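Inspection log for the structure reproduced underneath, given as structure tokens.
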């Protein structure tokens, strides 16, 4: 089977209405469809474009209350979160409605699978970075939470997910590893062991683009696990302070790519909007896996022997968190006039 897929490179601009958002997203889906793609992947923080709705905070609060949440519960939910997480917790329910409706409508209109990038959404007292996969019928196939965060995201109060999904679709088995997740080889390996053929990486890299540094992400995971990879990028300059750079990529194991470099398609620039397409040859991937499947010859007894090292990391992290809390309480207790 040859599957044509598409990856979106998009500038982060804030949308002030539902129509603004639809008008921003649709041209990318239309272009991917015209180019014959059956799947199009949007970048991380595609839902963040909806922060423009926050220019009408009273309307957002009204939408939260209309959903049945009491003022007391809303305030309790917000007071426990850092400022950035508070913002997304407040705007989240209304943004979620617009986000889901937009991608569902476009997936159905163009008869295409859509990975809708990610959106920051509240669940109870926590906020997660969540990716949605939509079917050509406009249905939500499933969601995947980001499982590894940048330090800035931790400071913002975003929480990590604790599950890795693989979605069984008519075009193959798909996993979603969001940006930083691809810096941890275990994520892609687990998805491959769960049957994934394709991993999609929606990203928003807050740094200048460096080609060889970027190879440490999904490109490397494709080589380690014999997978196809789709990398979509958010780009632009936000408030003159935050720089987002990247190049959308469609990847495969080096041995089955035209130039033996692991790339099927690569965006031209690192700060411009673009839609790239590429063909995934499942027959060749299958041949490669049958000839020499890296995953099938893993030394599992060795891994099992050293797996407790991960628990040591967890214990150190818990101790570090406890000491940080105790130190914070001590400093706070001394008061600003204490020596």
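Residue numbers (this note's numbering): 1064 to 1402.
Even for Gly, the Cβ is constructed at its ideal location relative to N, Cα and C.
What you are looking at is a predicted structure, and each value in this text was computed from that prediction instead of being measured.
Please report the straight-line C-alpha distance between residue 1189 and residue 1221, rounded to a whole angstrom. On the chain shown, position 126 is the one that residue 1189 refers to. On the chain shown, position 158 is the one that residue 1221 refers to. Taking the straight line from one Cα to the other gives about 7 Å.
Ignore the nearest five residues each way along the sequence and tell me which others in residue 1339's own chain have a CB closer than 6 Å to its CB. Within the chain shown, numbered from 1, the residue matching residue 1339 stands at position 276. Hits under 6 Å: 1070, 1311, 1328 and 1330.
Could you check what DSSP says for residue 1291 in three-state terms: helix, strand or coil? Within the chain shown, numbered from 1, the residue matching residue 1291 stands at position 228. Strand at residue 1291.
To the nearest angstrom, report how far apart residue 1237 and residue 1314 are at their CA atoms. For the purposes of this step, residue 1237 is identified with residue 174 of the chain shown, where counting begins at 1. For the purposes of this step, residue 1314 is identified with residue 251 of the chain shown, where counting begins at 1. Answer to the nearest angstrom: the Cα atoms are 14 Å apart.
Mapping the DSSP letters down to three states, classify residue 1064 as helix, strand or coil. Residue numbering aside, residue 1064 sits at position 1 when the chain shown is read from its first letter. Residue state, collapsed to three classes: coil.
Between the Cα of residue 1332 and those of 1255, 1319, 1074 and 1064, spot the shortest distance and give me the residue it belongs to. Within the chain shown, numbered from 1, the residue matching residue 1332 stands at position 269. The option with the nearest alpha carbon to residue 1332 is 1074.
Compute the minimum distance between the beta carbon of residue 1193 and the heavy atoms of the ligand COA, and state whether it is under 7 Å. Only the bare structure without any ligand can be found here, which leaves the ligand COA out of the picture.
For residue 1359 and residue 1289, what's the separation of their Cα atoms in angstroms? One-based indexing of the chain shown puts residue 1359 at position 296. One-based indexing of the chain shown puts residue 1289 at position 226. Answer to the nearest angstrom: the Cα atoms are 11 Å apart.
Is residue 1253 near residue 1292, with beta carbons less than 8 Å apart? As a working note, residue 1253 is residue 190 in the chain shown. As a working note, residue 1292 is residue 229 in the chain shown. Not in contact: residue 1253 and residue 1292 (Cβ atoms no closer than 8 Å).
Just to confirm my understanding: we take residue 1300, look at its own chain, exclude 5 residues before and 5 after, and list those with CB closer than 7 Å. What are they? To locate residue 1300, count along the chain shown from 1; it is residue 237. If we look at residue 1300 and ignore the five residues flanking it on each side, its Cβ neighbours are 1306.
Do you know how far the Cα of residue 1169 is from the Cα of residue 1089? For the purposes of this step, residue 1089 is identified with residue 26 of the chain shown, where counting begins at 1. For the purposes of this step, residue 1169 is identified with residue 106 of the chain shown, where counting begins at 1. Distance between the alpha carbons of residue 1089 and residue 1169 is about 7 Å.
Just to confirm the assignment, what range does the beta strand (DSSP E) spanning residue 1207 have? In the chain shown, counting from the first residue as 1, residue 1207 sits at position 144. 1203–1208 is the span of the beta strand (DSSP E), which, as asked, contains residue 1207.
Kindly identify the DSSP beta-bridge partner or partners of residue 1222. Translated into the one-based positions of the chain shown, residue 1222 becomes position 159. Note: residue 1222 sits in a beta bridge opposite 1191.
What is the DSSP secondary structure of residue 1265, reduced to helix, strand or coil? Taking the first residue of the chain shown as position 1, residue 1265 is located at position 202. Here residue 1265 sits in strand by DSSP.
Nearest by alpha-carbon distance to residue 1438: which of 1200, 1203 and 1195 is it? Residue 1438 lies beyond the range of the chain shown here (1064 to 1402); nothing can be said about it.
Is residue 1232 helix, strand or coil by DSSP? If you number the chain shown from 1, residue 1232 lands on position 169. Strand at residue 1232.
Assuming residue 1038 and residue 1158 make a contact with CB atoms under 8 Å, what is their CB distance in whole Å? In the structure as shown, the chain begins at 1064 and stops at 1402. Residue 1038 is therefore absent and cannot be evaluated.
Is there contact here, the stretch 1088–1107 with the stretch 1173–1183, by at least three beta-carbon pairs under 8 Å? yes
Could you tell me if residue 1353 is buried or exposed, where buried requires 16 or more neighbouring beta carbons within 10 angstroms of its beta carbon? Within the chain shown, numbered from 1, the residue matching residue 1353 stands at position 290. So residue 1353 ends up on the exposed side.
Taking the alpha helix (DSSP H) that residue 1250 falls in, what are its first and last residues? Counting from 1 along the chain shown, the entry for residue 1250 is found at position 187. Unbroken alpha helix (DSSP H) run through residue 1250: 1248–1256.
Can you find a CB in chain D that lies within less than 8 Å of the CB of residue 1359? Among the chains of the structure shown, chain D does not appear; only one protein chain is present.
Could you check what DSSP says for residue 1311 in three-state terms: helix, strand or coil? Position 248 of the chain shown, counting from 1, holds the residue named residue 1311. If DSSP states are grouped into helix, strand and coil, residue 1311 belongs with coil.
Which residue from 1149, 1164, 1152 and 1066 puts its Cα closest to that of residue 1084? What you label residue 1084 is simply residue 21 of the chain shown in a count that begins at 1. Nearest of 1149, 1164, 1152 and 1066 to residue 1084, Cα basis: 1164.
Would you kindly check if the distance between the Cβ of residue 1345 and the Cβ of residue 1235 is under 8 Å? Taking the first residue of the chain shown as position 1, residue 1235 is located at position 172. Taking the first residue of the chain shown as position 1, residue 1345 is located at position 282. In contact: residue 1235 and residue 1345 (Cβ atoms closer than 8 Å).
Judging by CA-CA distance, which residue of 1192, 1106, 1081 and 1219 is the nearest neighbour of residue 1266? Taking the first residue of the chain shown as 1, we reach residue 1266 at position 203. The option with the nearest alpha carbon to residue 1266 is 1106.
Which same chain residues, not among the five before or five after residue 1203, have their C-beta less than 8 Å away from its C-beta? One-based indexing of the chain shown puts residue 1203 at position 140. So the qualifying residues of the chain are 1163, 1167, 1195, 1196 and 1197.
Tell me the DSSP bridge mates of residue 1070? In the chain shown, counting from the first residue as 1, residue 1070 sits at position 7. Answer is 1104 and 1339.
Chain-order list of residues whose beta-carbon lies under 6 Å from that of residue 1249 (same chain, five-residue window excluded): As a working mapping, residue 1249 is identified with position 186 in the chain shown. Within the same chain, residue 1249 has no close Cβ partners at all.
Looking at the structure shown, is residue 1421 part of a helix, part of a strand, or coil, going by DSSP? Nothing can be reported for residue 1421, as the shown portion of the chain is limited to 1064 through 1402.
Going by alpha carbons, who is nearest to residue 1066 out of 1342, 1264, 1325 and 1355? To locate residue 1066, count along the chain shown from 1; it is residue 3. Nearest option by C-alpha distance: 1342.
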